[in-house]
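Below is one structure, written out as structure tokens; comments come after it.
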Amino acid sequence: MRWFPLYLMLLLMASCQPKEATEAGLVSTGPDTLQLDETIDSANNTRQDGTQAPTALPEDPKQQLPPTLEVYLDQTHGLWQLPELRPKDITRLTQDQQGPYFLQTDLNQDNQLDYVAQLMERDSVFLYAFISTGPDEAFKEVLLDQRPLVKLDGEGISPWVLCLPQEQQTQDKSGKGTSAQATADGFLVLEDENTTLYQWRKGTFRKSPYKAAGF
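Numbering (mature numbering (1 follows the signal peptide of the UniProt record, and there is no 0)), first residue to last: -21 to -1, 1 to 194.
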């Protein structure tokens, strides 16, 4: 039969087909695998809403409340916030001084730690004292003052700076050196050029104008 030699020739040609196409196909899977790995890495750094996960910013150490006070505020003041301050007010205190947002000291001389804090709510700032009433971390809460926030570039800013009179810096007679002097108990509220001293007397707070070097 004439077709048999032709069939045999086609069969031999098929058996000699080069493997380049198959090998090229295997090599081509490399880029696809790399692309998948990159996609997985990208997904790990992306939120579900498609935005890039932010890097945590460092907090101002002066805004880090003591755990005892923070727990108490979480339980009693809900979504409390510390107010923003004017840059010039923040620089009124050194890094070694307490304030300007909160203070911890013994306000009523009972050898227990008390706290003072300014908290923001809506368009106002509130000045609170928290007097420790026992070892169970309970407090007597006293609202001392309330002011509307000061508008600065469209933002609400607190006019207050809190500090301790025990930490004030006073010049010596030569006018060169400085030394810390315990001039009064209680705490100070600085507001522009005015300074108010709050002191615990006979179960309540009394306030008076305060004049001191450095303020």
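Each residue gets a CB set at the ideal place from its N, CA and C atoms; glycine is no exception.
These numbers were taken from a predicted model, which means no experiment stands behind them.
Beta-carbon proximity list for residue i, same chain, < 6 Å, skipping 5 on both sides
i	result
residue 187	176
residue 61	42, 80
residue 40	none
residue 199	The first residue shown for the chain is -21 and the last is 194, placing residue 199 beyond what the model contains.
residue 119	110, 112
residue 99	60, 62
Range of the contiguous beta strand (DSSP E) that encloses residue i
i	result
residue 41	Taken as a continuous stretch (DSSP letters only), residue 41 belongs to no beta strand (DSSP E), as it is neither H nor E.
residue 186	183 to 188
residue 90	Per DSSP, residue 90 belongs to no beta strand (DSSP E) and is neither H nor E.
residue 179	173 to 180
residue 85	From DSSP, residue 85 is part of no beta strand (DSSP E); its letter is neither H nor E.
residue 108	103 to 111
residue 125	118 to 127
residue 135	134 to 137
residue 167	166 to 170
Exposed unless 16 or more other CB atoms sit within 10 angstroms - verdict on residue i
i	result
residue 37	Any reading at residue 37 needs caution, since the residue's pLDDT is 35, under 50, leaving its predicted position unreliable; the model's value is listed next. The residue is exposed, with fewer than 16 neighbouring Cβ atoms inside 10 Å.
residue 97	buried
residue 144	buried
residue 182	exposed
residue 78	buried
residue 95	buried
Close beta carbons around residue i, own chain, < 7 Å, minus the five adjacent residues each side
i	result
residue 76	142, 146
residue 102	127, 128, 135
residue 74	none
residue 85	91, 92, 93
residue 115	none
Candidates the options: closest to residue i by CA position
i	options	result
residue 164	123, 179, 120	179
residue 104	170, 53, 119, 189	170
residue 56	72, 40, 140, 109	109
residue 122	39, 190, 106	106
residue 137	64, 70, 182, 72	64
residue 185	99, 83, 133, 124	124
residue 46	66, 100, 130, 83	83
N-terminal and C-terminal residue of the alpha helix (DSSP H) that residue i is part of
i	result
residue 67	66 to 69
Whole-Å CB distance - residue i paired with residue j, under 8 Å assumed
i	j	result
residue 71	residue 140	6 Å
residue 59	residue 52	5 Å
residue 92	residue 111	6 Å
Cβ shell of residue i (< 8 Å), same chain only, five flanking positions each side left out
i	result
residue 189	144, 163, 167, 174, 175, 176
residue 88	164, 179
Neighbour flag for residue i against chain D, beta carbons, 8 Å
i	result
residue 98	In the structure shown, chain D does not exist; there is a single protein chain.
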